[in-house]
Each structure stands twice: as C-alpha cells, then as structure tokens.
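Single-structure report; data block below.
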Amino acid sequence: MDHDSYPDAHIQDILAGVKTIAFVGASANWNRPVFFVMKYMQTKGYRVVPVNPALVGQQVLGEPGYASLRDLPFAVDMVDIFRNAEAAGPVADEAADLGIRVIWMQLGVRNDAAAARAEARGATVIMNRCPKIEYARLFGEIGRQGINSNVITTKRRPVKPARKLI
Amino acid sequence: MTEQRFGFETRAIHAGAAPDPATGARATPIYQTTSFVFEDVDEAASLFNLQKVGFIYSRLTNPTVSVLEERLANLEGGAGATCTSSGHAAQMMAFFPLMRPGDEFIASRKLYGGSLNQFANSFPRAFGWNCRFVGGDDADEFRRAVTDKTRAIFIESLANPGGVVSDIEAIARVAEEAGVPLVVDNTMATPYLCRPIEHGATLVVHSTTKFLGGHGNSVGGVVVDSGKFDWSKSGKFPALSEPEPGYHGLRFHETFGHLAFTIHGHAIGLRDLGPSQAPMNAFLTLTGIETLALRMQRHCENGRRVAEFLSGHKAVAWVNYAGLPASPYHGLARKYLGGQGGAVFTFGLKAGYEAGVKLVESVQLFSHLANIGDTRSLIIHPASTTHRQLTPEGLVAAGAGPDVIRLSVGLETADDIIADLDRALNAL
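Chain order of the listed sequences is A and B. My numbering puts the first residue of the first sequence at 3, with every later residue one more than the last. My numbering puts the first residue of the second sequence at 842, with every later residue one more than the last.
Structural data, given as structure tokens:
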C-alpha cells in the first residue's frame, strides 16, 4: 500500500464500511482535537469508544472509557490512534493481535514499520489522515468552510427530509 | 468520478458546485440570507465549537460564497480558501494570522499602487505591521532584507501596472530559508496563466474583481492557502500554533492540520475583522470563472496584438509587455505564464505627460477608469490616478512614471481596439 497518497475511493470504502471506532489517546476535554473527531464521528452515526487509562471510570460523549484495546468487552471495526509515531507502534501491534480490521493513525502520525507489520497480518492501515476531515471531504460537507474537497460531482447531495408541517 | 484528474476548464466550471442539495438547482443559488437555523441547542454548540462543519452566520460562511472558495482553492491547487469583500481585504486577511505589532514583511516595490499605500501607510499605522520594500527583480535583495522580525514575503506574479514578471521560485527559496510564507498576488495572471503554489508560494491572494469575475460588476477578493506550511515549527506564528483565547485555548494548527489557515480565516479572521464577501458578488464571480480559460486566451491574444501595434507606432517611446520577445521579462513569462503577457500593460509616449493626458481623453472605445480585467478595454494614466499618492521616485520605481499609460485590453474585436488607439495616437 502506498502510504503517501490514498485513492479517495479507498478511504470512502473504509469509512462506509466501519461502524465502531476506538480512539486511543481519547480525552474528555472538549477542546482537544481527539474530542472534536469523536464528537463529529458520533453525529455521523458511528459508535465512538474512548481508550485511555486516565478515562477508566469516566464517560466521554456518553461512552465509558477503557484502559486499552485489550480491555474492550466488544469488537471494534477500526482504531484511530491519537498518539505520537513511536507510541503508535505498540498500539498498532495490539490492534493487529486483536484482529481489528482498520488501523488508522491520526493526521501527523506515521509509523511505516508498524504499518508493514499490521498489513502483513491482514489489517488495512491508513496513516497521517483525519477521519473527520476525510468524511467531511468525501461525503460532501467540507466545502462549507472553503476547503478544497477535490471532488467533482453532478449528483445531488442528500439532505435530511423535513419534518411534516401537518 | 473522484480519481480522474480533471482539466482546468472542467474544474473552472464544476469545482465546488454540486447541484443544490435542497432543490436540485444546477446553477449555484444565491443564498441571500444573514443566518442559518440550528437543528437544536446541541448542534448549535457543536457549530460554535468548530466540531461540526456548517453554517451559522454569513459573516463567517455562506453556501454561495463557499462554492467560490472551493472553486478558487481548486484552481490554484490549494488546500482551502477564504473569500473576502475585496482584494485589499484579502491582503489584510493574509497577513492577519502571520503578524503581530512590530513584525515585518518584505514586499516588492513593483506592486499595484493601492497595495503600496496599504503596506506603507495603513498597515504600520493601524496594526504595527511594518513593510520593507525591495526592488523586486533580484531575489538577493529579498534575502538581504530578512530580519528576525520578518514574517512573510509578498510579491505579484505578473505585476500591476504591468510588464513585470516575478521570479517566484527564486523568491520562494528565500522565504523557505527565512522560514516564512511567500504570499503571491496572482490577480493579473489568474490561475489560468500561473499557479504560484506549484512554484513554492504558501498563500495566493486575488482581487477577484478583475479577470476572475471578468465583467467589471463585482468587487471581491480571496486568500488561498497551499496547506503546505508548517505553522508550528518555528514559533513565529503563534496565532496558528498557540492556544487561541477566542476559542477557549484551541490550537488551530494542532487541531486542523493543513486546513488550519483556512479555518482560522473563517473562525477568527472573518469573525473578528468582518470583511466577508456578499453572496451576490460570489455568484457573479462564479459565473465569470466558468469562462475564465476562454476569456484569458482572448485577453492575451488581444493584449499581444495591441502591444505589437503600439511597438510599431511612431508616437510610442516604449511598450512594457512581457508577452513580446523583446521584453526583458519574456524569459520569466515563458517560465511562469506559458509565454503569455496577460492583458494589462503600460507604454510610454514620446511626447510625455501632456500627450498622455490627451490620449486618455481622446480614445472612444476605451473607458477611462480605475479598474482592470473587464470585458471592456480600459485606459488610465496611473501617475494622476491609481498611483497618484506616490512620490515622483516612487512612481518611477512602481513603473508608473508621468509619461506612462496603462491599458487593460478587453474582449472587443482586436481591430476595433487597435483602430481606436491608432486614431487617438495620430491626433496627438
């Protein structure tokens, strides 16, 4: 897999195919980037799972915190790693051990050796990207802030049905 | 349809403009509204926290203006764009996240006269942003002007009032060495002729009033960010790298990565300075951009024919048009503008100042006014109008001496444009 640039269709397939996302390095502080991403993905219908030893016994966005991926009592489809590149390696290994299908390292995080190990064990790896930005870009929202989505379409974007007046 | 690399003309028509999601309208609707209803209190909170993308108030974002922003970001090859009420507002918005009182930027002296005034007088007086002017032709002059207070370098790709082409790559290297962004005003060239980001620019600004809108009907501007500058590396740009008190300590670069400059532009710049673009102007400018490639081709063709005609006329002392092989800037025009010279340039009359005034008053097809980049051919005497606030030395340095006439060649029949000039020149 070329990790310098990903085809839009590849990212789109991943985001359309996962339902539950664990966030390693989660924070209960609403002003941290990881909180932004979790809150946004939750509003888009994903179940977001906070993972951080500091969050055990607390809730983030209504979801209980877990110390590690190994402690999760249910399966997740994807992990988004909000740790530095070095710390991301063991997290990616652990995710591959647990059979988590998509291992995503957040914007600014890249560990090619860990990615190669995880891919050798069948995981799909995305690095140095943000799922919030990619979702907004590929699912037709990001132009609303003047961002270049690089998407051209002549199809109508879906809108939610209005509530009936009568 | 997302993997194919579309051509310039396709993107000029389609980028940013999907059919309207609410109605299916194919042309971009004019969302002439100040504000947008929240779904509920929680959604409102998410929008205000920047955790959700959406519309709050048209000073910050507006659906019509957003289409223009994405269109321009796409054509320039940038990560995002912030539209503004004018080109001058775009310059203020470009420097706003970069500069604190006492900081400096370096600018070429060969700029639009209004920019020279903004940089030399209003920026330092109002904001404490100090501009060091340099000649513009020699990258080493920029290099020598760098100090520990330098926060940006500013040039025009094809400089107004014309004929001068900047060596963008050489000056971008100076900016890179200094660890500061290169800001390029690409108004006169448009992304059809030149895409400064491909040559190392970090930010591109435009007066969209000119060739982009193209019909002389809408004032507007834009700042396009390449998304390639590391705002956190040097600590020189705390507005983007440090906690923002106006957003509860949020760090824009850490949170938004390569989109930080554009999101800051809307969330802080437009919010607090307020120079947003009107939706109606954005609509007219979008319509103009759909035909940018066709118009620029003809503008350049007509410009070259008029420049060739003037070069051969006995009343004309010199013609400063980078599209002519004799121009000292033709080499740079070949490198950065596909060999074209655009449609705005200057020439001098042998008989000097008086003849210039008489020419401006005796042409009939040309309109005597202070704009460029219209379908109509325009003429002006910069020394007495656009550049009149400059000193005599400043006028010459800016290429706007007392004998200089500036043309913006329009899209009328080239023979008619030439006949009008010929008749007026012969009557001098």
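The beta carbon of each residue, even a glycine, is placed where N, CA and C say it ideally should be. Every value quoted in this text rests on a predicted model; they were computed, and no experiment measured them.
At least one CB of chain B closer than 7 Å to the CB of residue i: is that the case?
i: L17 (chain A); result: no
i: G101 (chain A); result: no
i: L63 (chain A); result: no
i: L167 (chain A); result: Confidence in L167 (chain A) is poor, its pLDDT being 46 and thus under 50, which makes the residue's placement unreliable; the coordinate value appears in the next sentence. No, because no Cβ of chain B sits closer than 7 Å to the Cβ of L167 (chain A).
i: S7 (chain A); result: no
i: T155 (chain A); result: yes
i: L71 (chain A); result: no
i: N33 (chain A); result: yes
i: R112 (chain A); result: no
i: R158 (chain A); result: yes
i: L74 (chain A); result: no
i: A164 (chain A); result: Low per-residue confidence applies at A164 (chain A): pLDDT is 45, beneath 50, and the placement is therefore not dependable, though the value from the model is reported in the following sentence. Answer no: the Cβ-Cβ gap between A164 (chain A) and chain B never drops below 7 Å.
If I follow the unbroken beta strand (DSSP E) through residue i, where does it start and stop?
i: P52 (chain A); result: 49-53
i: T991 (chain B); result: 991-997
i: Q108 (chain A); result: 104-108
i: F76 (chain A); result: Per DSSP, F76 (chain A) belongs to no beta strand (DSSP E) and is neither H nor E.
i: D1066 (chain B); result: 1062-1066
i: L1023 (chain B); result: 1023-1026
i: S1249 (chain B); result: 1245-1249
i: V975 (chain B); result: 971-975
i: C1274 (chain B); result: The question about residue 1274 (chain B) has no answer, for chain B in this structure spans 842 to 1269.
i: L1219 (chain B); result: 1219-1221
Go ahead and pull the three-state DSSP assignment for residue i.
i: V36 (chain A); result: helix
i: A90 (chain A); result: helix
i: L1231 (chain B); result: coil
i: C132 (chain A); result: coil
i: A865 (chain B); result: Sequence check: residue 865 (chain B) is Gly here, not Ala. Here G865 (chain B) sits in coil by DSSP.
i: H1171 (chain B); result: helix
i: D1263 (chain B); result: helix
i: Q61 (chain A); result: strand
i: Y953 (chain B); result: coil
i: D1257 (chain B); result: helix
i: S876 (chain B); result: strand
i: T156 (chain A); result: coil
i: T1226 (chain B); result: coil
i: A24 (chain A); result: strand
i: A1158 (chain B); result: strand
Can you find a C-beta in chain A that's less than 7 Å from the C-beta of residue i?
i: H1107 (chain B); result: yes
i: V1147 (chain B); result: no
i: V1015 (chain B); result: no
i: Q873 (chain B); result: no
i: E910 (chain B); result: yes
i: V1045 (chain B); result: no
i: N1027 (chain B); result: no
i: N1122 (chain B); result: no
i: I1104 (chain B); result: yes
i: H1094 (chain B); result: no
i: G1098 (chain B); result: yes
i: L1091 (chain B); result: yes
i: T991 (chain B); result: no
i: Q932 (chain B); result: no
i: S907 (chain B); result: yes
i: H1140 (chain B); result: no
On the premise that residue j lies in contact with residue i, defined as a C-beta separation below 8 Å, what is that separation, rounded to the nearest angstrom?
i: T1187 (chain B); j: G1003 (chain B); result: 5 Å
i: G1115 (chain B); j: R900 (chain B); result: 6 Å
i: A1241 (chain B); j: P1223 (chain B); result: 4 Å
i: V81 (chain A); j: A24 (chain A); result: 5 Å
i: T923 (chain B); j: V1064 (chain B); result: 5 Å
i: F1093 (chain B); j: L1111 (chain B); result: With a Cβ gap of about 14 Å, F1093 (chain B) and L1111 (chain B) do not count as contacting.
Which residues bound the alpha helix (DSSP H) around residue i?
i: Q14 (chain A); result: 10-19
i: E1017 (chain B); result: 1009-1019
i: H1047 (chain B); result: Run containing H1047 (chain B): none in the alpha helix (DSSP H); it sits in the beta strand (DSSP E), 1044-1048.
i: R912 (chain B); result: 904-917
i: G1129 (chain B); result: 1120-1130
i: V1147 (chain B); result: 1133-1152
With 8 Å as the C-beta to C-beta threshold (strictly closer), list the residues of the segment 127-152 of chain A near chain B in chain order. C132, I135, A138, L140, G142, E143, I144, G145, R146, Q147, G148, I149, N150, S151, N152
Residues from the segment 36-59 of chain A in contact with chain B, defined by Cβ distance under 7 Å: F38, K41, Y42, T45
Along the segment 1221-1251 of chain B, what residues have a CB closer than 9 Å to any CB found in chain A? none
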